Amino acid sequence: MAKEFLSKNKVSYEEHDVSKNPKKEQRLIKLTGSKMVPALLFKEKSFVGFLKKPEILIGFEANKERIQELVK
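Here the sequence shown is numbered in the UniProt record's numbering, starting from 1 and rising by one per residue.
See below:
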């Protein structure tokens with residue numbers, strides 16, 4: 001569902017299969033404190049061009065409303 005939503009809204013994304021890559025799984029745990037997927041990390045630039053602190057959301061359905069706001 002998350003991939004379909006992001007594609008439909010023309011949002012570029014990177015997909016990582018943490019079940020096949022232990023390093024990616026450890027990074028997921030470090031970022032989110034959890035092994036739950038999908039984990040969505042949104043980065044956006046501030047007014048002066050610097051990256052703001054990324055927003056990390058765990059789960060698609062539970063965060064769908066916030067994700068819709070972020071992709072507008």
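Built from N, CA and C at the ideal position, the CB exists for glycine as well. Keep in mind it's a predicted model, so treat the numbers as computed, not measured.
Worksheet item: Within 10 angstroms of its Cβ, does residue 31 collect 16 or more other Cβ (buried), or is it exposed?
Response: exposed
Fill in: Per-residue DSSP class, three states only, for residue 65
helix
Fill in: Option in 11, 1, 58 and 3 with minimal Cα separation from residue 35
58
Worksheet item: For residue 28, is the classification buried or exposed, using 16 other Cβ atoms within 10 angstroms of its Cβ as the cut-off for buried?
Response: buried
Fill in: Supposed close pair residue 1, residue 60 - CB separation, criterion 8 Å
5 Å
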